[in-house]
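Peer 1: Numbering (the numbering used here), first residue to last: 1107 to 1790. Backbone N, C-alpha and C fix where the C-beta goes; we use that ideal spot for every residue, glycine too. There's a structure below that I have some questions on.
Given below as structure tokens:
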């Protein structure tokens, strides 16, 4: 997950095109089904277009000498196609997630469970019959029937059906790794699980509901945009209705079918037709990240986030301290220190010990003894040492005071150069481990929290988007400051307790900022619930998962950065196409009206800059353009507008320049080309 933020949406376009080709046929069928008025009413603008299409269809049956039957029929057909293409965009967006939803449903059908009864025996029941607080037993080879929490046992669980990751993960009772997800498989041992969800409330159910766009409720942003579109539609309706009185005042009249068609060309049909598809596609991108949101509101909030609270361990750093360097004591060569440190770490199975061995193997070509040639000395809390006894020599590494005691020295007896190096490592936030051979100090190992590659660049990109990053850690302020400086975060919250996290989030919100954070422990639950975007890890505690409004199935804390990116993509895409649609409508108004009124007001002929051939040609060209532009923008609505690392003001200027100016220029060029084509083919 070290992908720079601007590249989050740089997916394989070839793969997207392949998926779209496989989906277009069922989407076309769904587009016809969605002509049902009960479904159309969810999009007020497209409902108006459908009603207008119905009206123009009826007007085709009533001859009007001013309008040829061929033109009237074409207007009606293109209006129906406009509705159809808008439905097609929505169906295509829904179809991208439907295949995954179907596979998830298929995997959950027919599941059974061994439910514990009051007398302690177990009965076989359907998974759908399980309720919250039921206790089930799952053994190796069986599927976990529902979301739950392990109350007894430890086992490896294959979560590929949910996360796509084939490597099994360990789940055990107690601690922060006790939560299990329904429809995953136990591959070793057995677990006793308490069910934590009722039917329809599980992670699997939420995932299915999320990817099935038809079940997705509108977010506040979409509702507000719908209100704007309704307002614009009413304004243009009033404009169109008043045109006929003006025509009568001048001694002429406009065909009713022209006025109906003009209304459709002026109202914001472009964004109205693509609004639902944009929202569904945004949720689909989130699902492809293996993140489940409780609602679209959380995704939109992610796009407006001002402050990110990120846990240091596992998010900014790798989580385990790693070997960063070795410093030899006076009179000791680097190779001698390296050999001593390697031998002292060979039997150390901790992540720190393995990192030392890995680090030294890259630097030197040592001849390592086999495990049967030495006696391992395991680390203990009492000795704070580990190492091996090999060829009548004792190799040890460990805490400074422990190794000094082992060799019989006091701190003041350390060589000054080595003492200064130990102090420097400690002050930088690292951990110094002394290495010795028998009673002789060889040097010091520098262990440190290693910042993940690329994380500094990601924070810099977030900063350009106006998002502040705050590192949250239980480390002391000195250690926290050193890691924060290396990672490039904007602020740090050291010695963080649950109460301090909660207070920091509330303070940020009090100052008018939206806050996002991630966590996995029960002590993170209050802060996750308070944050505007709270993302819990799927392998975390049940308390954390219930408090958050998002769950990351991969349990990757850095995913929060990608979630923010998806939220911004959703908002930017919606804003870009809204800008284009409104500019588009304004351009069409000035492009069509002069040609439409030229016969009644000859003076308006000078404003017919595009020299459209006739009123019939002008209105039909606009209707055709109106339908085709929706088709042209479907890929953009599904893929999303890529968010550049820039300030809000720069994004706004870019938006207006590309989609605002483009929305004005494209209609003039498009309508003129269609006008020429229609006349060349004698369709008007």
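1) Thinking C-beta only, is residue 1638 closer than 8 Å to residue 1330?
2) With DSSP as the reference, label residue 1280 as helix, strand or coil.
3) Note down the Cα distance separating residue 1556 from residue 1776, rounded to an integer number of angstroms.
4) Short of 8 Å in beta carbon distance, which residues of its chain neighbour residue 1781, apart from the five on each side in sequence? Order them along the chain.
5) Would the beta-carbon of residue 1491 fall within 8 Å of that of residue 1509?
6) Taking contact to mean 3 or more Cβ pairs, one atom from each stretch, closer than 8 Å, check whether the region 1426-1437 and the region 1523-1538 are in contact.
7) Tell me which residues share the same chain as residue 1428 and place their Cβ nearer than 6 Å to its Cβ, disregarding the 5 neighbours each side in the sequence.
8) If you run the structure through DSSP and keep just helix, strand and coil, what is residue 1498?
9) So, is residue 1771 buried or exposed, given that buried needs 16 or more other C-beta atoms within 10 angstroms?
10) Would you list, in sequence order, the uninterrupted beta strand (DSSP E) runs of no fewer than 3 residues that lie entirely inside the region 1571-1624?
11) What residue range does the alpha helix (DSSP H) around residue 1221 cover?
12) Looking only at C-alpha atoms, which of 1459, 1437, 1623 sits nearest to residue 1539?
13) Let's see if you can read the secondary structure: which residues bound the alpha helix (DSSP H) around residue 1250?
14) Is there contact between the region 1371-1389 and the region 1653-1660, where contact requires at least three CB pairs shorter than 8 Å?
15) Write down every uninterrupted run of the beta strand (DSSP E) in the region 1665-1733 whose length is 3 residues or greater and which is fully enclosed by it, in chain order.
16) So residue 1274 and residue 1262 are supposed to be a Cβ contact under 8 Å. How far apart are they, rounded?
17) Less than 8 Å between the beta carbons of residue 1136 and residue 1197, yes or no?
18) On the criterion of 16 or more Cβ atoms from any shown chain inside 10 Å, does residue 1308 qualify as buried, or is it exposed?
19) Quick check: the region 1464-1472 against the region 1570-1589, are at least 3 beta-carbon pairs closer than 8 Å?
20) Roughly how many angstroms separate the alpha carbons of residue 1113 and residue 1229, rounded to a whole number?
21) Starting from the Cα of residue 1287, find the closest Cα among 1380, 1398, 1447, 1600 and give me that residue.
22) Going by beta-carbon coordinates alone, are residue 1277 and residue 1298 separated by less than 8 Å?
23) Return the first residue and the last residue of the beta strand (DSSP E) that residue 1362 is part of.
24) Nearest to residue 1535 by alpha carbon, out of 1757, 1581, 1226?
25) So, using beta-carbon positions, are residue 1193 and residue 1153 closer together than 8 Å?
26) Quick one, are the C-beta atoms of residue 1353 and residue 1737 less than 8 Å apart?
27) Are three or more beta carbon pairs between the region 1354-1370 and the region 1156-1169 nearer than 8 Å?
28) According to DSSP, is residue 1484 part of a helix, a strand, or is it coil?
29) For residue 1109, I'd like the list of residues in its chain whose CB is within less than 6 Å of its CB, leaving aside the five on either flank, ordered along the chain.
30) Please classify residue 1861: does DSSP put it in a helix, a strand, or coil?
31) So what does DSSP say about residue 1343, is it helix, strand or coil?
32) Where does the unbroken beta strand (DSSP E) through residue 1554 begin, and where does it stop?
33) Return the bridge partner residues of residue 1441 from the DSSP annotation.
34) Rounded to the nearest angstrom, what separates residue 1291 and residue 1405 at their Cα positions?
35) Assign residue 1465 to buried or exposed, taking buried as 16 or more other Cβ atoms, counted over all protein chains shown, within 10 Å of its Cβ.
36) Expressed to the nearest angstrom, what Euclidean distance is found between the alpha-carbon atoms of residue 1596 and residue 1416?
Peer 2: Short version:
1) no
2) coil
3) 56 Å
4) 1716, 1718, 1719, 1723, 1724, 1727
5) yes
6) yes
7) 1461, 1556
8) coil
9) exposed
10) 1574-1578, 1597-1599
11) Run containing residue 1221: none in the alpha helix (DSSP H); it sits in the beta strand (DSSP E), 1218-1222.
12) 1459
13) Counting along the chain, residue 1250 falls outside any alpha helix (DSSP H), and DSSP gives it neither H nor E.
14) no
15) none
16) 4 Å
17) yes
18) buried
19) no
20) Bear in mind that a pLDDT of 38 at residue 1113, under 50, signals an unreliable position, so the model cannot answer this.
21) 1398
22) no
23) Residue 1362 -> not in any beta strand (DSSP E); alpha helix (DSSP H) instead, spanning 1362-1372.
24) 1581
25) no
26) no
27) yes
28) coil
29) Only weak support is given to the placement of residue 1109: the predicted model assigns it a pLDDT of 35, under 50, and the question is left unresolved by the model.
30) Since the first residue of the chain shown is 1107 and the last is 1790, residue 1861 is not available in this structure.
31) helix
32) 1546-1557
33) Note: residue 1441 sits in no beta bridge, so no partner.
34) 30 Å
35) buried
36) 11 Å
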